[in-house]
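Colleague: Got a structure for you, questions after.
Protein chains: 2
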Amino acid sequence: MKKLINNVDDILNESLTGFGQVHGDLLTVNLEPKVVTRADAPLAGKVALISGGGSGHEPLHAGFVGHGMLTACCPGEVFTSPTPDQMLAAAQAVNGEAGILFIVKNYSGDVMNFEMAAEMAADMGLQVETVLTNDDVAVEDSTFTQGRRGVAGTVVVEKIVGAAAEAGASLANCKALGDRVNQASGSMGVALTSCTVPAAGQPTFNLGEGEMELGVGIHGEPGRERIALPSANEIAATIVNAICDDLAPAAGQEALLFVNGMGGTPAMELFLMYNAAAQVCAERKVTVARSLVGNYCTSLDMQGCSLTLTLLDEETKALWDAPVHTAALRW
Amino acid sequence: MKKLINNVDDILNESLTGFGQVHGDLLTVNLEPKVVTRADAPLAGKVALISGGGSGHEPLHAGFVGHGMLTACCPGEVFTSPTPDQMLAAAQAVNGEAGILFIVKNYSGDVMNFEMAAEMAADMGLQVETVLTNDDVAVEDSTFTQGRRGVAGTVVVEKIVGAAAEAGASLANCKALGDRVNQASGSMGVALTSCTVPAAGQPTFNLGEGEMELGVGIHGEPGRERIALPSANEIAATIVNAICDDLAPAAGQEALLFVNGMGGTPAMELFLMYNAAAQVCAERKVTVARSLVGNYCTSLDMQGCSLTLTLLDEETKALWDAPVHTAALRW
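Line by line, the protein sequences give chains P and H. 1 is the number of the first residue of the first sequence in my numbering; add one for each residue after it. 1001 is the number of the first residue of the second sequence in my numbering; add one for each residue after it.
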């Protein structure tokens, strides 16, 4: 294993400390327990959006804490759920007295811990709702998941609901909107190489030279099948068609096309994949109205990418366009 | 070789096409010859900033075309200089009648071709000056370079001079400022893995398990030495000390600390490296007044990073802070 680290046990603390120094104008990093909060939180009268999950998917979620997106997040150890006490500390720190929305990727550990935190928060008189993201159309059930996995579509949910919360939407409306955006989103990923979890010290899985994992999860979970590496156009066709079969968009439907790098993929290849995917969208009569390309929901050093389509309406398009000021997303 | 591509010969065109679609609000991509220009160029009365070089370093340079930074850039084939006709086409397209500044990384092919383009432009009555960046303190002379290589410090030059040009600085002042920022910048990189040039189909160099190339170039050129992979703290100390020995900052001197990913490095490791480097800066009595962390001057899929320090004064600090609106840098 080759990584730019000191001791495996210190990676998360050292990385979060650096992140907090670089982005101290936007957010505050707390290490005991690990919670990242907006610098201007709590925001009185606004719903607080809290996400979190295992680390190793950066910039998800800490890179999305800021104006118009998350109010706080709880980073777990690499590929390990954060604990309920982190979530509760986040809720207490950013509670603006308008309710708290947990945005949770559908992995059993995260779901269980966020449920426990929601109960503890309710016991303390806090109003809590939860949006569970499960946009990955690749497989039903997986290594760490019952049902579909939550992957890059989570970024879209966080952006759109974040804009609504910033504008003063109620907790019920934020919850309904998050569910709606999640249901309008489909994603699927491919891996050309495995990630290497620092504590494991070796690749999570092995791919032969010339092999690709189709439908891989963001922790290296198995996908649909292991195949000979196809062309970019073939990969784009397989994924966009799988997503469109799932979402069943009407002809002319507007969508966000989001090409997400897994961490080790050159930008040049991500934009090439965008070009390929946009062509398949046109064939499927999906109108690409918005786009996003880059590393947003990664899997450590994995080479590969995922494609996400989110079907948009006028409301969600306007919320996507609303100003956002975070470490990783800004307009 | 595993890459998300169709045919090797089409990579650049397809990638630039995707890039142009995603960022069409900011810029225009022309493929024959390959030139990326600001959507609002030419800007009457403002110096036009034009950079360029081999592709494979994305987002450098196309990701920096926009308000407050580059007016145009010329992407060459992967790790190959663009041609004088690209540079001339760029100069003609964005000429605002206030002069043209070429920002050129010090590689023999780029230097030769930009010189030729400058002569051709002068013959057509255009005023052209050139800033040559050579911030890499690792080695004198290299595979493709006489003298020091231009690496990630080029991003800093483009940002600061771009802000000055946007504010209406003269060609002579932009040229002098660019030279000054370059001289105030030092960089050095490390590679944990080689990049793989698509047309070559195999890694540019081979590193053994547990080995690192110290002082690597952004095309995989050899550095100072090949050593057993040290800790992040040791790497940061070696690099920051080498840069400080070169720049000889006064005690308390303010600087920008820039941790640049080589393309295949997880964000988590880059922020950890920032944390390590900031500590060494404190030991060297350099005050980190500004920071930047991310993939900005890459080497395809190489794992590793570079550190850059740019010594700042009040003028350059204000120009660094000035608004920028490009695909890869925005505030």
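Note that beta-carbon positions come from the ideal geometry of N, C-alpha and C, so glycine has one too.
#1: Against H/Asn-1260, what residues of chain P qualify as contacts under a CB-to-CB distance less than 7 Å, listed in chain order?
#2: Which residues, in order along the region 1038–1071 of chain H, keep a beta-carbon less than 8 Å from a beta-carbon of chain P?
#3: State the CB to CB distance for the pair H/Thr-1028 and H/Ile-1050, rounded to an integer number of angstroms; the pair is presumed to be in contact (CB under 8 Å).
#4: H/Ala-1282: which of H/Leu-1272, H/Leu-1257, H/Val-1293, H/Leu-1292 sits nearest, CA to CA?
#5: At a CB-CB cut-off below 7 Å, which residues of chain P make contact with H/Ile-1005?
#6: What is the DSSP secondary structure of H/Asn-1013, reduced to helix, strand or coil?
#7: DSSP three-state call for P/Thr-316: helix, strand or coil?
#8: Taking the continuous alpha helix (DSSP H) assigned at H/Met-1001, which residues delimit it?
#9: Check distances from the C-beta atoms of the region 293–305 of chain P to those of chain H and list, in chain order, the residues that come in under 8 Å.
#10: Can you pull the chain P residues whose beta carbon is under 8 Å from the beta carbon of H/Lys-1002, in chain order?
#11: Under 8 Å between C-beta atoms, does P/Thr-154 make it to chain H?
#12: Label H/Asp-1136 either buried or exposed according to how many other C-beta atoms from any shown protein chain fall within 10 Å of its C-beta, with 16 as the threshold for buried.
#13: Taking the alpha carbon of P/Ser-142 as the reference point, which residue from P/Thr-80, P/Val-104, P/Val-216 has its own alpha carbon closest?
#14: Can you look up H/Val-1181 in the DSSP assignment and give me helix, strand or coil?
#15: Quick one: is H/Glu-1014 near chain P, going by C-beta distance under 8 Å?
#16: Under the three-state reduction of DSSP, which class applies to P/Phe-205: helix, strand or coil?
#17: What does DSSP give as the partner residues of H/Phe-1037 in its beta bridges?
#18: Would you decide whether P/Glu-119 is buried or exposed? Buried here means 16 or more other CB atoms lie within 10 Å of its CB.
#19: When the cut-off is 8 Å and only beta carbons count, does P/Thr-265 lie next to chain H?
#20: Against chain H, with Cβ distances strictly below 8 Å, would P/Asn-173 count as a contact?
#21: For a test of the three-state rule: what should DSSP assign to H/Ala-1089, helix, strand or coil?
#22: Hey, how far is the Cα of P/Met-302 from the Cα of H/Gly-1045?
#23: In the structure shown, what three-state DSSP assignment does H/Ser-1081 receive?
#24: Indicate the three-state DSSP secondary structure (helix, strand or coil) for H/Leu-1309 in the structure shown.
#25: Under 7 Å Cβ-Cβ, which residues of chain P neighbour H/Arg-1284?
#26: Using C-beta distances below 8 Å, list every residue in its chain close to P/Ala-232, excluding the 5 sequence neighbours before and after it, in chain order.
#27: Name, going along the chain, the residues of the region 72–86 of chain P whose beta-carbon falls closer than 7 Å to a beta-carbon of chain A.
#28: For H/Ile-1218 and H/Arg-1180, I'd like the C-alpha separation in whole angstroms.
#29: How would you list, in chain order, the residues of chain H whose beta-carbon sits under 8 Å from the beta-carbon of P/Ser-291?
#30: Could you check whether H/Gly-1178 and H/Lys-1105 sit closer than 8 Å to each other, using their CB atoms as the reference points?
#31: Could you pull the start and end residues of the beta strand (DSSP E) that P/Ala-255 belongs to?
#32: Indicate whether H/Ser-1299 and H/Gly-1220 have their beta-carbon atoms separated by less than 8 Å.
#33: Going along chain P, which residues have a C-beta under 7 Å from H/Thr-1017?
#34: Out of H/Ala-1041, H/Cys-1195, H/Leu-1171, H/Glu-1140, which has the shortest C-alpha to C-alpha gap to H/Gly-1056?
Modeller: Put simply:
#1: Near H/Asn-1260 there are no residues of chain P at all, since even the closest Cβ is about 12 Å away, more than 7 Å.
#2: Here the close residues are Ser-1055, Gly-1056, Glu-1058, Pro-1059, Gly-1063.
#3: The pair is not a contact, with the Cβ atoms about 14 Å apart (cut-off 8 Å).
#4: Cα-wise, what sits closest to H/Ala-1282 is H/Leu-1257.
#5: Simply Ala-232, Glu-269, Leu-272.
#6: helix
#7: helix
#8: No alpha helix (DSSP H) contains H/Met-1001, which DSSP labels as neither H nor E.
#9: Val-293, Asn-295, Thr-298, Leu-300, Asp-301, Gln-303, Gly-304, Cys-305
#10: Leu-192, Thr-193, Glu-209, Gly-210, Met-212, Leu-229, Gln-303
#11: no
#12: With 16 or more other Cβ atoms within 10 Å, it is buried.
#13: P/Val-216
#14: helix
#15: yes
#16: coil
#17: It should be noted that the sequence gives Thr, not Phe, for residue 1037 of chain H. Beta-bridge pairing links H/Thr-1037 to H/Thr-1028, H/Ala-1072.
#18: exposed
#19: Yes, its Cβ sits closer than 8 Å to a Cβ of chain H.
#20: no
#21: In this structure, H/Ala-1089 counts as helix in the three-state DSSP scheme.
#22: Between the alpha carbons of P/Met-302 and H/Gly-1045 lies a distance of about 47 Å.
#23: coil
#24: strand
#25: Those do not exist, as H/Arg-1284 stays about 17 Å from chain P at its closest Cβ, beyond 7 Å.
#26: Glu-269, Leu-272, Met-273, Ala-276
#27: This model lacks chain A altogether; the protein chains it does include are P and H.
#28: 23 Å
#29: Gln-1021, Val-1022
#30: no
#31: 254–261
#32: yes
#33: Asn-275
#34: H/Cys-1195
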